[in-house]
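Enquirer: Starting off with a structure, shown below.
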Amino acid sequence: MTSSSLVLEAANASDAPDADEAAGLPLATWPARVGAFSVDVLLGLAVIAVMALSALSAPWMGWLWWVFVAAAALTIVAMAVNRLLLPTITGWSLGRAAFGIAVRTRDGAAPGLLRLAGRDLAHLLDTAALFLGWLWPLWDRRRRTFADLLLRTEVHDVGRPDRDMRRPVAVALIVATVLCAVAIGLSYLLVYRPERAVDVARQQIAEQGPRIVEQMLSYQSETLQQDFSHAQSLTTDSYRDQLIAQQQVVQQAGATSNEYWAVSSAVLSASAKQAAMLLAMQGQRGTDPNDLKFITATLRVDFERSDDGQWKVANLIVLKKPQMNAPGQ
1 MTSSSLVLEA
11 ANASDAPDAD
21 EAAGLPLATW
31 PARVGAFSVD
41 VLLGLAVIAV
51 MALSALSAPW
61 MGWLWWVFVA
71 AAALTIVAMA
81 VNRLLLPTIT
91 GWSLGRAAFG
101 IAVRTRDGAA
111 PGLLRLAGRD
121 LAHLLDTAAL
131 FLGWLWPLWD
141 RRRRTFADLL
151 LRTEVHDVGR
161 PDRDMRRPVA
171 VALIVATVLC
181 AVAIGLSYLL
191 VYRPERAVDV
201 ARQQIAEQGP
211 RIVEQMLSYQ
221 SETLQQDFSH
231 AQSLTTDSYR
241 DQLIAQQQVV
251 QQAGATSNEY
261 WAVSSAVLSA
271 SAKQAAMLLA
281 MQGQRGTDPN
291 DLKFITATLR
301 VDFERSDDGQ
311 WKVANLIVLK
321 KPQMNAPGQ
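Heads up: the sequence shown begins at 1 in the UniProt record's numbering, then just goes up one per residue.
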């Protein structure tokens with residue numbers, strides 16, 4: 001026998017003429033039930049959903065993941081206390097008190113903890129039936145959901161308690177909003193923004209890195225000092241002295257022209273302020289067009305982002321030493 005058949009049989013049995021007016025209490029309207037459900041359940045589900053999505057976005061940040069999971073767990077506990085424990089103690093949940101309704105058995109008595117828990121569990125059937133169970137009160141004579149039919153409960157209009165419930169509801173709304181805002185803010189500051197910064201750095205170094213290395217290694221004999229000075233401006237303070245020493249060796253060997261260009265490149269690693277790249281370079285050396293030497297080399301280059309946001313060479317390692325060939329060789 002299917003669950004739908006069980007619900008329909010429960011509906012037929014509970015609609016007996018001698019039973020449906022036993023309580024003598026007015027039935028709660030469907031909008032009032034929706035409003036109470038929004039406060040008691042949907043508000044908490046919104047917090048749980050935000051925490052779950054935030055936890056999924058930060059699986060590698062252990063402490064932050066645990067913060068999101070703990071917040072979601074505490075929200076579930078708070079929802080259970082509000083939906084199950086408070087009604088057995090005070091007769092109300094927060095949402096139902098705000099709208100002046102309460103869950104009652106057919107004879108008007110307050111249900112116990114187990115029946116309330118079973119009723120909330122049976123709401124899964126209301127949802128599984130394409131939400132039909134939640135709409136069933138719109139045409140059911142006793143305004144019951146499938147869960148009410150199975151657990152033999154009803155929702156009655158009992159009037160609001162003497163205490164003004166607007167303030168507790170407002171506090172719950174504020175707390176939920178703050179929790180969601182904090183979770184979203186932490187996700188943005190500690191997860192999304194760093195990841196976005198890494199993506200931007202990787203894109204920048206993929207575009208700028210080869211050009212920086214080309215400019216640093218290329219020079220013309222006619223503008224040697226200007227080219228060397230420009231090359232030095234493309235390096236970090238820690239690497240500049242090493243570059244200057246190499247430039248002095250070039251000057252002592254006799255000024256000539258040296259031009260490099262990158263033929264292929266790959267970003268090995270990248271963070272917001274550091275990156276490493278593998279470069280395959282080709283070039284030519286010499287000033288006489290009839291006596292040019294063609295060059296090939298493979299380099300690993302480390303970059304660092306300066307305080308002004310410019311990428312600069314922090315280290316350069318020659319993986320495959322330059323090989324020079326004359327034209328036609």
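Heads up, the beta-carbon is just placed ideally off N, CA and C, and yes, glycines get one too.
Based on Cα-Cα distance, which residue from Arg-160, Val-47, Ile-184, Ile-212 lies nearest to Leu-279?
Expert: Residue Ile-212 is the option with its Cα nearest to Leu-279.
Enquirer: Would you kindly work out how many angstroms separate the C-alpha atoms of Ala-72 and Ala-52, rounded to a whole number?
Expert: 7 Å
Enquirer: Which same chain residues end up closer than 6 Å to Ala-206 when comparing Cβ atoms and leaving out the 5 residues on each side of it in sequence?
Expert: Val-267
Enquirer: Buried or exposed for Asp-199, please, with buried defined as at least 16 other CB atoms from any protein chain shown within 10 angstroms of its CB.
Expert: exposed
Enquirer: Got a sec, what are the start and stop residues for the beta strand (DSSP E) Gly-283 sits in?
Expert: 274 to 285
Enquirer: May I ask you to list the residues that DSSP assigns as paired with Lys-293?
Expert: Lys-293 pairs with Arg-285.
Enquirer: Determine contact between the segment 122 to 142 and the segment 175 to 188, defined as no fewer than three beta-carbon pairs at a distance below 8 Å.
Expert: Judged by Cβ distances under 8 Å, the segment 122 to 142 makes no contact with the segment 175 to 188, as fewer than three pairs qualify.
Enquirer: CB of Val-67 to nearest heavy atom of the ligand MG: below 8 Å?
Expert: This structure does not include the ligand MG; it has no bound ligands of any sort.
Enquirer: DSSP three-state call for Ala-314: helix, strand or coil?
Expert: Under the three-state reduction of DSSP output, Ala-314 falls in the strand class.
Enquirer: Quick check: Glu-304 and Gln-282, are their CB atoms within less than 9 Å of each other?
Expert: Cβ atoms of Glu-304 and Gln-282: not closer than 9 Å.
Enquirer: Tell me which residues share the same chain as Gly-286 and place their Cβ nearer than 8 Å to its Cβ, disregarding the 5 neighbours each side in the sequence.
Expert: Excluding positions up to five away in sequence, the list reads Thr-256, Ser-257, Leu-292, Lys-293.
Enquirer: For Thr-105 versus His-123, is the C-beta distance shorter than 9 Å?
Expert: No, the pair does not count as a contact, with Cβ atoms beyond the cut-off.
Enquirer: Out of Gln-208, Asn-315, Gln-232, Gly-35, which one is the CA nearest neighbour of Ser-264?
Expert: Gln-208
Enquirer: In angstroms with no decimal places, state the Cα-to-Cα distance between Ser-269 and Ser-306.
Expert: Spanning the two alpha carbons is a distance of roughly 17 Å.
Enquirer: CB Ile-317 to CB Tyr-260, shorter than 9 Å?
Expert: no
Enquirer: How long is the line joining the alpha carbons of Leu-113 and Arg-202, rounded to whole angstroms?
Expert: 57 Å
Enquirer: Do Gly-100 and Leu-150 have their C-beta atoms closer together than 9 Å?
Expert: no
Enquirer: Indicate the three-state DSSP secondary structure (helix, strand or coil) for Leu-319 in the structure shown.
Expert: DSSP places Leu-319 in strand when its eight states are reduced to three.
Enquirer: Sort out for me which residues DSSP pairs Val-103 with in a bridge.
Expert: Val-155
Enquirer: Since Leu-27 and Val-178 are thought to touch, with beta carbons under 8 Å apart, how far apart are those beta carbons, to the nearest angstrom?
Expert: The pair is not a contact, with the Cβ atoms about 36 Å apart (cut-off 8 Å).
Enquirer: By the DSSP assignment, the alpha helix (DSSP H) with Trp-65 in it spans what residues?
Expert: 62 to 80
Enquirer: Mapping the DSSP letters down to three states, classify Leu-186 as helix, strand or coil.
Expert: helix
Enquirer: Please classify Asp-302: does DSSP put it in a helix, a strand, or coil?
Expert: Annotated three-state conformation of Asp-302 is strand, per DSSP.
Enquirer: Would you identify the three-state DSSP class for Leu-234, choosing helix, strand or coil?
Expert: coil
Enquirer: What residues are listed by DSSP as bridge partners for Leu-27?
Expert: Per DSSP, His-156.
Enquirer: Please tell me whether Leu-74 and Asn-82 are closer than 9 Å, where the distance is taken between their beta carbons.
Expert: no
Enquirer: May I have the straight-line CA-CA distance separating Val-247 from Phe-228, to the nearest angstrom?
Expert: The sequence given here places Gln at residue 247; Val does not occur at that position. Their Cα atoms are separated by approximately 7 Å.
Enquirer: Tell me Ala-262's beta-bridge partners as DSSP assigns them.
Expert: Met-281
Enquirer: Report the CB separation of Ala-172 from Val-39 in whole angstroms; it is logged as a contact under 8 Å.
Expert: About 7 Å; that satisfies the 8 Å criterion.
Enquirer: Quick one: what's Ser-269 bridged to in DSSP?
Expert: DSSP lists Ala-276 as partners of Ser-269.
Enquirer: Going by the DSSP bridge assignment, what does Tyr-219 pair with across the sheet?
Expert: Asn-258
Enquirer: Can you tell me which of the three DSSP states Gly-95 falls into?
Expert: The three-state secondary structure of Gly-95, taken from DSSP, is helix.
Enquirer: What's the call for Leu-299, buried or exposed, on a 16-neighbour Cβ count within 10 Å?
Expert: Counting every other CB atom within 10 Å of its CB across the protein chains shown gives Leu-299 a total of 16 or more, marking it as buried.
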